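*Asks:* Heads up: the protein sequence lines correspond to chains A and B, in order. All you need for the numbering used here is the position in the first sequence, starting with 1, plus 30. All you need for the numbering used here is the position in the second sequence, starting with 1, plus 303.
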Amino acid sequence: EDQVTQSPEALRLQEGESSSLNCSYTVSGLRGLFWYRQDPGKGPEFLFTLYSAGEEKEKERLKATLTKKESFLHITAPKPEDSATYLCAVQAMDNFNKFYFGSGTKLNVKP
Amino acid sequence: EAGVTQFPSHSVIEKGQTVTLRCDPISGHDNLYWYRRVMGKEIKFLLHFVKESKQDESGMPNNRFLAERTGGTYSTLKVQPAELEDSGVYFCASGGRPGETQYFGPGTRLLVL
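1. So for glycine 62/A, helix, strand or coil by DSSP?
2. Which residues in chain A sit within 9 angstroms of aspartate 327/B, going by Cβ to Cβ distance?
3. I believe cysteine 118/A touches leucine 63/A by the beta-carbon criterion, under 8 angstroms. Please report the beta-carbon distance rounded to the nearest angstrom.
4. At the level of alpha carbons, what is the spacing between arginine 67/A and leucine 80/A?
5. Identify which residue in Ala305/B, Phe394/B, Glu386/B has its Cα closest to the Cα of valine 315/B.
6. Spell out the partners DSSP gives alanine 94/A in its beta bridges.
7. Going by beta-carbon coordinates alone, are arginine 325/B and threonine 373/B separated by less than 7 angstroms?
8. Can you find a heavy atom of the ligand NAP that lies under 6 angstroms from the Cβ of alanine 396/B?
9. Rounded to the nearest angstrom, what separates serine 427/B and glycine 410/B at their Cα positions?
10. In chain A, which residues lie with their C-beta within 9 angstroms of the C-beta of aspartate 359/B?
11. DSSP three-state call for glycine 132/A: helix, strand or coil?
12. Assess contact between the segment 330-348 of chain B and the segment 84-98 of chain A, defined as three or more Cβ pairs (one per stretch) separated by less than 8 angstroms. Is contact present?
13. Between which two residues does the beta strand (DSSP E) holding arginine 339/B run?
14. Taking the CB atoms as reference points, tell me whether glutamine 405/B and tyrosine 336/B lie closer together than 7 angstroms.
15. Taking the CB atoms as reference points, tell me whether leucine 137/A and serine 101/A lie closer together than 7 angstroms.
16. In whole angstroms, give me the CA-to-CA distance for proline 141/A and lysine 109/A.
17. Closer than 9 angstroms, Cβ to Cβ, to anything on chain B: give me those residues from the segment 61-88 of chain A, in chain order.
18. Strictly below 9 angstroms CB to CB, what residues from chain A border glycine 375/B?
Quick look at the structure:
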């Protein structure tokens, strides 16, 4: 069964304290892995798509990486405005229209 | 460019009542998806439209849920009759081509009492 697990469930950082969020997956042939950011009361906001192991994408203080079993979202020198829930979703080769989401990591960056 | 919009933003109904949720996708997006997150769980796929055709409704929980997309533009998701376990946040997403990035709306928060 296709499955996505995110860790930690919650993460508290001081402003400027870098860290990484993990998304591990089991899927019958990965087609793509997506990272989203979700603010309270809003819908998921697209951040990155990764398609193959070794691929990296960057946006401001965020960098996403992908291996054959997991993805990391690295946050460098975070700011309070980076506080949000970060969601990982995967799509499988045999049905790439259906996204499987993890439960998310709730990040709180304190000033 | 306007994003995906959903209406209403919140709905509180009693068990046994009917509720209809609406989703307007990004203009030009043929692919429209419905997802749901119930309390404490992850977001889960419900169904996928390509234009007005249902491509995959494998995630629909039961026959109390009916989704339509007449004319291939906006979509509605009707729950009739609503049960307590239907409470949650219903998200709509749209995409330009199959398998590409899905862009999500703000969600409809449904509470069934």
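Backbone N, C-alpha and C define an ideal beta-carbon position, used for all residues, glycine too. Bear in mind the structure is a predicted one, so any value in this text is a computation, not a measurement.
*Replies:* From the atom records:
1. DSSP places glycine 62/A in strand when its eight states are reduced to three.
2. Under the 9 angstroms cutoff, chain A gives no residues; its nearest Cβ is about 13 angstroms from aspartate 327/B.
3. Rounded, the Cβ-Cβ distance is 7 angstroms, consistent with contact.
4. If I take the Cα positions, the gap works out to 15 angstroms.
5. Distances from the CA of valine 315/B to each of Ala305/B, Phe394/B, Glu386/B were compared; the closest alpha carbon is that of Glu386/B.
6. Looking at the DSSP assignment, alanine 94/A forms a beta bridge with Lys87/A, Leu103/A.
7. Contact flag unset, no.
8. With respect to the ligand NAP, the structure offers nothing, as it holds no ligand at all.
9. The structure shown has nothing for residue 427/B, since chain B only spans 304 to 416.
10. Going along chain A in sequence order, the residues near aspartate 359/B (Cβ under 9 angstroms) are Asn125, Asn127, Lys128.
11. Glycine 132/A: coil per DSSP, three-state reduction.
12. No contact exists between the segment 330-348 of chain B and the segment 84-98 of chain A.
13. For arginine 339/B, the enclosing beta strand (DSSP E) starts and ends at 334-340.
14. Closer than 7 angstroms, so yes.
15. No, the pair does not count as a contact, with Cβ atoms beyond the cut-off.
16. If I take the Cα positions, the gap works out to 7 angstroms.
17. Of all residues in the segment 61-88 of chain A, the ones placed with a Cβ closer than 9 angstroms to any Cβ belonging to chain B are Arg61, Gly62, Phe64, Tyr66, Gln68, Gly71, Lys72, Gly73, Pro74, Glu75, Phe76, Thr79, in chain order.
18. Within 9 angstroms Cβ-Cβ: nothing; glycine 375/B doesn't reach chain A, min ~16 angstroms.
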